[in-house]
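Asks:
Numbering (full-length UniProt numbering), first residue to last: 1 to 109.
1. Less than 8 Å between the CB atoms is what I'm expecting for residue 23 and residue 46, so what's the real figure, rounded?
2. Leaving out five residues on either side along the sequence, give the residues of the same chain with a beta carbon under 8 Å from the beta carbon of residue 80.
3. Assign residue 43 to one of two classes, buried (16 or more other C-beta atoms within 10 Å of its C-beta) or exposed (fewer than that).
4. Find the nearest neighbour of residue 62 within the set 82, 28 and 100, judged by alpha-carbon distance.
5. Have a look at the DSSP bridge pairing and note the partners of residue 38.
6. Is the separation between the beta-carbon of residue 71 and that of residue 102 shorter than 7 Å?
7. Over the uninterrupted alpha helix (DSSP H) stretch that includes residue 90, give me the two end residues.
8. Run the CB neighbour count on residue 88, radius 10 Å, all protein chains shown included, and call it buried at 16 or more, exposed below.
Here you go:
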């Protein structure tokens, strides 16, 4: 079973206490954006085999949203961090680089 630590309340929660909210670090487009930009925001998602950054919500706890970096093949969790960040913290990227040299995900590596 997947276990993630909420970066806000510190609880190590099983996935049954959480809700997966999809891909993290999406660039959102508002009114006045082009149809292509809005279509990309709504429908285009990464679905990698390996390292992935996801948005989660601690529904049976503090209720806050956070991001998690994990491997989709092994369920290894590299870390969690607040959702109000534009990119993963450097220590999490370093953990991933130590395990998977040369990895990249979108603009992060």
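Every residue gets a Cβ at the ideal spot worked out from N, C-alpha and C, and that includes glycine.
Replies: Considering the structure as presented:
1. 6 Å
2. 4, 5, 6, 7, 56, 66, 67, 68 and 69
3. exposed
4. 82
5. None; residue 38 has no bridge partner.
6. no
7. 90–99
8. buried
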